[in-house]
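A.B. asks: Structure provided below as structure tokens; questions to follow.
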Amino acid sequence: GLTTSNYSELSHIYDKYKNQGFEILAFPCNQFGGQEPGSNPDIKKFACTRFKAEFPIFDKVDVNGPNTAPVYQFLKSSAGGFFGDLIKWNFEKFLVDKNGKVVERYPPTTSPFQIEVCKLIS
């Protein structure tokens, strides 16, 4: 699935750019096939132990529906996806600049290595 590649690549990118002001914010969600049923501490332990994730991993949120987290309301309103505003699956990614402007939205299948982070860091 997408879990191993995304967590591994995100950890690598974070290690490379964290000292240049780059941040990754991870928001687990259980709205896609029940793929994230664990407790918040279990999710953090899994990501930090198995993938050495050092970036912030927040508590689970809803990314669609009436209880959509405010951060996702903002992200989706700023960058509607190819198929509309709904988040389609786990590991959909948003690139946001240091001023809070959404620069790009990426589908779950986009490798974090394909995201041009370096353009925002200068």
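The numbering of the sequence shown is this note's numbering, which starts it at 183 and goes up by one. For each residue, glycine too, the CB sits at the ideal point set by N, CA and C.
1. Curious, which full-length alpha helix (DSSP H) runs of at least 4 residues does the segment 213-252 contain?
2. Tell me whether residue 191 sits in a helix, a strand or coil according to DSSP, three-state version.
3. In chain order, what residues of the same chain have a beta carbon less than 6 Å from the beta carbon of residue 278, not counting five sequence neighbours either side?
4. Just to confirm before moving on: does the CB-CB distance between residue 245 and residue 217 stay below 9 Å?
5. Can you tell me which residues form a DSSP beta bridge with residue 208?
6. Secondary structure at residue 276, three-state DSSP: helix, strand or coil?
7. According to the neighbour-count rule (16 or more other Cβ atoms, all chains shown, within 10 Å of its Cβ), is residue 257 buried or exposed?
8. Between which two residues does the beta strand (DSSP E) harbouring residue 299 extend?
C.D. replies: On the basis of the data shown:
1. 222-232
2. helix
3. Close CB contacts of residue 278 within its chain, under the 6 Å cut and outside five residues either way in sequence, are with 284 (chain order).
4. Residue 245 is not a Cβ neighbour of residue 217, given a cutoff of 9 Å.
5. Residue 208 pairs with 239.
6. strand
7. buried
8. Here residue 299 belongs to no beta strand (DSSP E), and DSSP marks it neither H nor E.
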